[in-house]
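Sequences listed follow chains V and P, in order.
Start counting the first sequence at 79; every next residue gets the next number (my numbering).
Start counting the second sequence at 37; every next residue gets the next number (my numbering).
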Amino acid sequence: MLSPDRTVSAAMTPFVAAESIAKAYGGVQALTDVSLMIAPGEVHGLVGANGAGKSTLIKILAGLVQPDAGRILVDGAPTSLPTPHHATDLGMSFIHQELAFIPGMTVLQNILLGVPKKTRFGMVDWQAAAREVAPIAERVGIKAPLSASVKGLSTAENWLINICRALVRNARLIVMDEPTASLSAAEAEKLFAIVEDLSASGVAVLYVSHRLDEIMRLCSRVSVFRDGRSVGCLEGAAITRPALIEAIVGSAVAPLAATQRHPVAGRKITLTVDALTRAPKVNGVSFELRQGEVLGIGGLVGAGRTELARLIYGADRADSGVMTLDGASFSPSNPTEAVKAGLGLVPEERRSEGLLLTKSVAFNLQIANLANIVRSPVLPLIDRRKREALSLEIVRDLAVKTPSIDTPVGRLSGGNQQKVVIGRWLLRAPKVLILDEPTRGVDIGARGEIHRLVRELAARGMAVIVISSEPDELPDLCDRVLIMVEGRIVRALEGADITRNAIVEASYFVGEPPSRENTI
Amino acid sequence: MSMVMSGGRRLSPSSKAALGFFARYATIIGLLLMIAVFAFLSPRAFPTLNNFTNVLNQASLAMIIAGGLTLAVIVGELDLSIGFAASLHGVLVTGLIVANKLPIPLAIVIVIALGALIGLVNGIIVTKAKVNSVIATLGVGTILTGLAFAYSAGVPIVAGVPEAFLQLSLGRWLFGIPNNIIIMAVVLGGLWILVERTALGQEIQAVGGNPAAARLAGINVDRIKILGFVVSGMCAALTGILLASRLGSGTTSAADSYLLTAFAAVFLGSATLRDGEFHVLGTFVGVLIIAFGFNGLNIFGAPTFSQYIFQGAILIVAVGLASLGRMISES
Numbered sequence: 079m080l081s082p083d084r085t086v087s088a089a090m091t092p093f094v095a096a097e098s099i100a101k102a103y104g105g106v107q108a109l110t111d112v113s114l115m116i117a118p119g120e121v122h123g124l125v126g127a128n129g130a131g132k133s134t135l136i137k138i139l140a141g142l143v144q145p146d147a148g149r150i151l152v153d154g155a156p157t158s159l160p161t162p163h164h165a166t167d168l169g170m171s172f173i174h175q176e177l178a179f180i181p182g183m184t185v186l187q188n189i190l191l192g193v194p195k196k197t198r199f200g201m202v203d204w205q206a207a208a209r210e211v212a213p214i215a216e217r218v219g220i221k222a223p224l225s226a227s228v229k230g231l232s233t234a235e236n237w238l239i240n241i242c243r244a245l246v247r248n249a250r251l252i253v254m255d256e257p258t259a260s261l262s263a264a265e266a267e268k269l270f271a272i273v274e275d276l277s278a279s280g281v282a283v284l285y286v287s288h289r290l291d292e293i294m295r296l297c298s299r300v301s302v303f304r305d306g307r308s309v310g311c312l313e314g315a316a317i318t319r320p321a322l323i324e325a326i327v328g329s330a331v332a333p334l335a336a337t338q339r340h341p342v343a344g345r346k347i348t349l350t351v352d353a354l355t356r357a358p359k360v361n362g363v364s365f366e367l368r369q370g371e372v373l374g375i376g377g378l379v380g381a382g383r384t385e386l387a388r389l390i391y392g393a394d395r396a397d398s399g400v401m402t403l404d405g406a407s408f409s410p411s412n413p414t415e416a417v418k419a420g421l422g423l424v425p426e427e428r429r430s431e432g433l434l435l436t437k438s439v440a441f442n443l444q445i446a447n448l449a450n451i452v453r454s455p456v457l458p459l460i461d462r463r464k465r466e467a468l469s470l471e472i473v474r475d476l477a478v479k480t481p482s483i484d485t486p487v488g489r490l491s492g493g494n495q496q497k498v499v500i501g502r503w504l505l506r507a508p509k510v511l512i513l514d515e516p517t518r519g520v521d522i523g524a525r526g527e528i529h530r531l532v533r534e535l536a537a538r539g540m541a542v543i544v545i546s547s548e549p550d551e552l553p554d555l556c557d558r559v560l561i562m563v564e565g566r567i568v569r570a571l572e573g574a575d576i577t578r579n580a581i582v583e584a585s586y587f588v589g590e591p592p593s594r595e596n597t598i
Numbered sequence: 037m038s039m040v041m042s043g044g045r046r047l048s049p050s051s052k053a054a055l056g057f058f059a060r061y062a063t064i065i066g067l068l069l070m071i072a073v074f075a076f077l078s079p080r081a082f083p084t085l086n087n088f089t090n091v092l093n094q095a096s097l098a099m100i101i102a103g104g105l106t107l108a109v110i111v112g113e114l115d116l117s118i119g120f121a122a123s124l125h126g127v128l129v130t131g132l133i134v135a136n137k138l139p140i141p142l143a144i145v146i147v148i149a150l151g152a153l154i155g156l157v158n159g160i161i162v163t164k165a166k167v168n169s170v171i172a173t174l175g176v177g178t179i180l181t182g183l184a185f186a187y188s189a190g191v192p193i194v195a196g197v198p199e200a201f202l203q204l205s206l207g208r209w210l211f212g213i214p215n216n217i218i219i220m221a222v223v224l225g226g227l228w229i230l231v232e233r234t235a236l237g238q239e240i241q242a243v244g245g246n247p248a249a250a251r252l253a254g255i256n257v258d259r260i261k262i263l264g265f266v267v268s269g270m271c272a273a274l275t276g277i278l279l280a281s282r283l284g285s286g287t288t289s290a291a292d293s294y295l296l297t298a299f300a301a302v303f304l305g306s307a308t309l310r311d312g313e314f315h316v317l318g319t320f321v322g323v324l325i326i327a328f329g330f331n332g333l334n335i336f337g338a339p340t341f342s343q344y345i346f347q348g349a350i351l352i353v354a355v356g357l358a359s360l361g362r363m364i365s366e367s
């Protein structure tokens with residue numbers, strides 16, 4: 079069913095071919111021997127779990143990142159893409175999830191951003207420009223007048239403007255990254271029609287999406303990445319949901335034996351969340367968290383998991399819904415209140431939200447623990463000996479590899495930085511600890527240590543929530559797993575049901591009509 | 037660890053260490069070099085205990101206002117109202133004493149409380165109304181200038197300033213050391229302890245270092261930022277009071293120029309010892325550099341305009357050194 083990428087469509091010269099691309103960031107190998115071929119005018123799907131290497135390859139094609147090895151051919155000729163300019167000049171356009179716009183400008187000005195314009199007496203001839211752009215705008219279905227401001231336009235219209243921008247630049251390949259992530263069903267339908275129209279007129283589309291039904295509907299070929307490698311290319315009738323899932327997931331991994339999990343049913347309830355909502359990312363989420371339980375929250379990036387964590391932690395305010403903590407009503411209006419009530423958060427963005435990179439390890443460890451290291455509440459001078467002793471204790475307990483506790487935390491490796499953020503909360507011993515992607519960008523060794531630590535905290539009675547996009551991570555770690563899709567909890571897995579496959583299936587399947595499976 | 041500079045140039049570890057050393061100690065070396073040169077060129081007038089005491093005395097007011105500003109910049113904000121505020125405070129304290137016949141200590145307490153209030157207003161505008169601190173404090177400062185003119189009708193309050201008030205700044209009540217120096221030492225020492233040794237100081241540093249991370253660690257970021265403005269406002273008030281005492285008058289705009297001095301000193305300070313981080317001891321060194329620079333220019337009879345050129349140039353050099361330090365520590 080899976081055929082190696084290279085043999086596919088050997089007959090025609092692909093518009094773009096990436097061959098044996100490798101790329102490492104620091105010590106992390108993002109891509110290893112990745113290949114991708116896009117024929118002129120084809121709609122080519124690109125799928126893979128989070129962290130499979132899709133974004134890195136796109137960045138390489140866009141000229142934003144340089145590959146360590148491998149080569150890129152355009153129209154069969156080896157080429158290099160040292161800057162985004164080169165990629166644009168060769169006819170490649172990139173439309174990202176976060177659309178880049180200049181809000182104060184008109185539709186026309188945004189379409190022509192960075193495009194050389196005709197001038198008259200040194201001034202831009204906007205009328206001539208408008209005459210040129212108008213037919214293309216009509217073709218992609220832009221309803222707003224070209225002279226209107228882009229402010230207030232919908233995401234769907236912004237997409238159209240971006241596609242128009244690509245066509246004005248004579249793009250021969252448009253890369254679309256999760257194009258329907260924030261579109262309504264009707265808007266998505268329009269986009270599909272445009273994609274088909276582009277393809278018919280000879281413009282290739284690289285369609286990157288987690289939504290498999292869209293991939294099955296639009297794409298003639300689909301490349302699948304896993305763990306930074308291309309695992310194959312599906313073609314035509316071979317593009318089925320089971321085949322895609324199998325390729326994305328790879329071989330199944332044995333779940334944690336059920337005996338290793340804690341029976342949590344009889345334990346005291348620590349946190350209840352009831353119908354918590356903050357539109358549009360979190361919609362009526364309810365669950366209970368018990369003492370000593372490790373609760374996993376799985377799902378795809380953008381499913382609303384981080385937003386849910388922020389609501390619980392008081393970093394954002396909920397539109398509606400109620401929570402209780404140890405039986406008492408709990409509605410923190412900021413993280414300060416949440417921390418006081420007994421919560422801790424290890425945020426997703428370790429470097430920008432978790433740490434003060436230029437400050438020392440000790441500073442970062444003690445910053446939430448200051449009340450416990452002052453000489454007396456009346457004279458809040460830091461007891462430096464106590465600060466040092468407590469910091470050394472954590473560094474030893476968590477095996478943080480650092481030259482000293484005075485080393486700036488930014489100099490530590492990712493895994494050790496993460497241990498510092500976790501260690502900060504150990505000092506406070508919160509009732510509920512939320513870890514958002516705790517092992518992202520962490521090496522295998524530190525990952526195992528962090529997992530052990532989480533289990534240990536739960537064994538001591540802490541209630542732990544672990545958010546992870548890696549389906550592999552949750553079965554190892556959790557007593558129970560909730561799967562979120564588009565802001566809702568769609569499935570709860572327990573005991574032996576917590577498997578990698580069950581997590582992936584729930585992340586992809588729910589909300590899509592089951593009949594789809596047999597349509598192609 | 038890759039050592040990539042902004043231009044994509046790679047630095048070897050040894051040249052990085054050398055550059056880092058330069059960025060960290062350049063200000064102190066510069067200060068010592070300047071003192072040495074002045075001492076060599078003017079061995080009789082410059083390197084005397086009398087002259088050094090004089091320089092420190094002169095620099096005390098700038099040190100106090102710059103010390104306050106240091107707190108505002110540590111929490112990640114700029115306070116441009118301090119010079120204008122200090123001018124208003126000078127007018128006000130003389131007015132309260134001369135026109136309203138208030139006892140001197142009471143007048144001082146009122147004015148310092150007003151300084152705290154101005155800081156509170158600045159802080160609330162910045163944190164709650166989300167106005168950029170440059171704009172907010174420039175606006176508040178301009179309003180304060182207007183109030184100073186309204187209060188005094190633009191006429192300096194000179195007549196009837198009691199000798200006791202003058203003695204606040206001119207006296208030498210302890211061991212023959214000028215009062216200004218003592219007050220400055222107490223204020224800067226207090227600020228240093230606050231920032232470096234207290235729990236609150238750790239939060240202040242955290243908010244300046246990374247407000248997002250500080251917030252998620254449970255720190256009330258807005259409250260800490262407001263505190264930075266309040267301290268800055270109180271120090272501006274104290275400087276305004278001492279300046280009025282030294283001049284023997286309440287003069288509108290008298291303290292305006294402290295704004296630039298304070299900023300130059302604070303940025304020089306951030307390039308001192310630490311890689312681009314603001315800190316109280318650094319600010320102290322920063323003011324010393326400016327003060328000795330002025331003193332030297334004076335001794336050699338350089339025209340007044342040269343002081344402006346000196347100060348403007350030093351501000352740019354300071355910011356350059358600070359960002360060099362940051363770049364090295366981040367690479």
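Ideal Cβ placement from N, Cα and C applies to all residues, glycine included.
As the structure is a prediction and not an experimental result, all values here were calculated from the model.
- Neighbourhood of Leu-252(P) in chain V, by CB distance below 8 Å: Tyr-391, Ala-393, Pro-413, Leu-423, Pro-425, Glu-431, Gly-432, in chain order.
- When C-alpha distances from Met-401(V) are compared across Thr-157(V), Ile-347(V), Ile-99(V), the shortest belongs to Ile-347(V).
- Taking a Cβ-Cβ threshold of 7 Å, the residues of chain V close to Gly-245(P) are Leu-434, Thr-436, Lys-437, in chain order.
- In the DSSP assignment, Thr-184(V) forms a beta bridge with Ser-227(V).
- In the displayed model, Cys-271(P) falls within a helix according to three-state DSSP.
- Residue contact check for Gln-444(V) against chain P: a CB pair falls below 9 Å.
- In the DSSP annotation of this structure, the continuous segment of the alpha helix (DSSP H) that includes Ile-138(V) starts and ends at 132 to 139.
- In the three-state DSSP reduction, Thr-91(V) falls in the coil class, being neither helix nor strand.
- Residues of the region 455 to 488 of chain V with a Cβ closer than 9 Å to any Cβ of chain P, in chain order: Leu-457, Pro-458, Leu-459, Ile-460, Arg-462, Pro-486, Gly-488.
- In the displayed model, Cys-242(V) falls within a helix according to three-state DSSP.
- The region 119 to 133 of chain V and the region 300 to 316 of chain V touch, with no fewer than 3 CB-CB distances between them shorter than 8 Å.
- In this structure, Leu-421(V) places its C-beta atom within 9 Å of the C-beta atom of Val-510(V).
- At a beta-carbon threshold of 7 Å, the residues of chain V lying near Ala-242(P) are Leu-434, Ile-445, ordered along the chain.
- Taken through DSSP and simplified to helix, strand or coil, Phe-172(V) comes out as strand.
- Interface with chain P (9 Å Cβ-Cβ cutoff): Val-452(V) is included.
- In the DSSP secondary-structure assignment, Val-424(V) is bridged to Leu-513(V).
- In its chain, beyond the 5 residues on either side, Ser-113, Gly-148, Arg-149 have a beta carbon closer than 6 Å to the beta carbon of Glu-97(V).
- By the C-beta density criterion, Pro-508(V) is buried, having at least 16 other C-beta atoms within 10 angstroms.
- The three-state reading of DSSP puts Ala-249(P) in helix, counting H, G and I together.
- In this structure, Ala-249(V) places its C-beta atom within 9 Å of the C-beta atom of Ser-171(V).
- A distance below 9 Å separates the beta carbons of Leu-124(P) and Leu-183(P).
- Chain-order list of chain V residues neighbouring Leu-227(P): empty, with the shortest C-beta distance near 14 Å, by a criterion of under 9 Å.
- Taking C-beta separations shorter than 6 Å and ignoring five residues to either side along the sequence, the partners of Asp-484(V) in its chain run Ser-438, following chain order.
- For Gly-237(P), the nearest CB of chain V lies under 9 Å from its own CB, placing it at the interface with that chain.
- Of the other Cβ atoms in all chains shown, 16 or more fall within 10 Å of the Cβ of Val-452(V); this residue is therefore buried.
- For Asn-361(V), the three-state secondary structure derived from DSSP is strand.
- Its Cα nearest to that of Met-220(P), the residue Ala-272(P) stands out among Ala-272(P), Ala-250(P), Lys-261(P).
- For Glu-113(P), none of the residues of chain V pass the 9 Å Cβ criterion, the least Cβ distance being about 17 Å.
- Interface criterion met: the Cβ of Ala-416(V) is under 9 Å from a Cβ in chain P.
- With a cutoff of 9 Å on beta-carbon distance, Val-363(V) and Ile-567(V) are scored as near each other.
- Inter-residue distance for Val-360(V) and Asp-557(V) is about 23 Å (C-alpha atoms, whole angstroms).
- Interface criterion met: the Cβ of Thr-234(P) is under 9 Å from a Cβ in chain V.
- Within the same chain, Pro-214 come within 6 Å of Arg-208(P) by CB-CB distance, once the 5 residues on both sides are set aside.
- The C-beta of Met-201(V) has fewer than 16 other C-beta atoms within 10 Å across all chains shown, which makes the residue exposed.
- In this structure the region 273 to 287 of chain P lies against the region 130 to 144 of chain P, because at least three pairs of beta carbons, one per stretch, are closer than 8 Å.
- Rounded to whole angstroms, the separation of the alpha carbons of Asn-412(V) and Ala-165(P) is 17 Å.
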